[in-house]
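Participant: Be aware that the sequence shown starts at 34, since it is given in the working numbering, and climbs by one per residue.
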Amino acid sequence: MRDFWETHHWPEGERRAHWHLLFEDQHAVHDFARAHAGLLAQHAELSPVPVEWLHATLQSVGPLTAETAAAVADAARPALAGIEPFEIEIGPAQAIHNGIVPAIYPEDRISELYWALRRATESVVGADTMPKAPERFWPHLSLAYSKPRELHQMGAFALVA
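1. So the candidates are H51, H130, E117; which of them puts its Cα closest to the Cα of E78?
2. Considering only residues of the segment 42-81, which uninterrupted beta strand (DSSP E) runs meet the minimum length of 3 residues and lie entirely inside it, listed in chain order?
3. For the segment 80-138, list the beta strand (DSSP E) runs that are entirely contained and at least 3 residues long, ordered along the chain.
4. Considering only DSSP beta bridges, list what S156 is partnered with.
5. Rounded to the nearest angstrom, what separates V62 and A166 at their Cα positions?
6. Between A114, R169, A108, which lies nearest to D141 when the distance is taken from Cα to Cα?
7. Three-state secondary structure (DSSP) at S144?
8. Per DSSP, what kind of secondary structure is A166 in: helix, strand or coil?
9. In the DSSP assignment, the beta strand (DSSP E) including S179 goes from what residue to what residue?
10. Going by CA-CA distance only, name the one from A102, F56, G115 that's closest to T90.
11. According to the Cβ coordinates, are R48 and P83 closer than 8 Å?
12. What does the Cβ neighbour count give for P81, buried or exposed, with the cut at 16 atoms within 10 Å?
13. By how many angstroms is the C-alpha of I143 removed from the C-alpha of F119?
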């Protein structure tokens, strides 16, 4: 498993905008994460995501000024207006190259949300400033991120439950 942070480079102090699905007051999602907590805690190379921080990243946008962020939000509102609410399913959890994640279904509905947000964001910031679009969007929830290799070797682990 690779260090999550090796594949997600952020200069120190940089703040980046993201589109996230948040799971506040979603008790079934919280219960799903808690059901995996004991198993995740057995692996010091993992940093479990606290329940109150659970999210699914739809799109990393990058650094934005306050004015640009407001313009992106304004562009997203009409883009999302036609998307009806829908229920999701999560699971099963699986190990990937940099963490432990369950997929989120229905993929087609969440992909619709992703593409609407991406197009709205690109209309403000330009496609050339955005990360490359995937051929296929894969919605998932991160239950744990892998820690830096140095921490594995030093034995300096801090687990969050």
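Glycine included, every Cβ here is placed at the ideal spot set by N, Cα and C.
Facilitator: Taking the structure as given:
1. H130
2. 50-55, 79-81
3. 88-95, 122-129, 132-138
4. DSSP output for S156 lists no bridge partner at all.
5. 27 Å
6. R169
7. helix
8. coil
9. 177-179
10. F56
11. no
12. buried
13. 9 Å
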